[in-house]
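Undergrad: With the first letter of the sequence shown counted as 1, position 39 gets the number 58 in our numbering; the numbers rise by one all the way through. From the three backbone atoms N, C-alpha and C, an ideal C-beta is built for every residue, glycine too. The structure's right below; bear with me while I get my questions together.
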Amino acid sequence: RLKEQSFRDEERRRGERREEQGKTSSSSRKFLSEVSSQTPSGWMPSDAAGKGEEELRQEVTQLYAALGEARQLNQELTSSMNEMLTRLREKSEGLVAAEQQLEEMRQEVKEGRRA
């Protein structure tokens, strides 16, 4: 239980650091706060012993909903990251082409000086 709590604390601190750095999107902050409010802190399977079947079903339903949201957020982040990588690749290719043109111009200038 202590490990679970320390893990949650560390995840919370990481999230706070990301927010401070402006790297956490509003949708991920919303998701994290919703999961935190839905999932009891330090919940362990052994806690289920005293609960009724309906309560357990509700908790499982909430956990599946949170999992679905996490998957959707993961897809959005992956898509966004792929778009950024594509733009970065295009810019990199543009820089390489510009560098080649610059080198060709330098060669032309050198040849012009020789003539």
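1. Alpha carbon to alpha carbon, how far is A116 from D28?
2. Alpha carbon to alpha carbon, how far is A136 from L107?
3. What span of residues does the alpha helix (DSSP H) with A116 cover, start to end?
4. Out of curiosity, what's the CA-to-CA distance linking N93 and S99?
TA: Here's the rundown:
1. If I take the Cα positions, the gap works out to 48 Å.
2. This structure cannot speak to residue 136, because the chain is shown only from 20 to 134.
3. E72 to R133
4. Near 10 Å, if we compare the C-alpha coordinates of S99 and N93.
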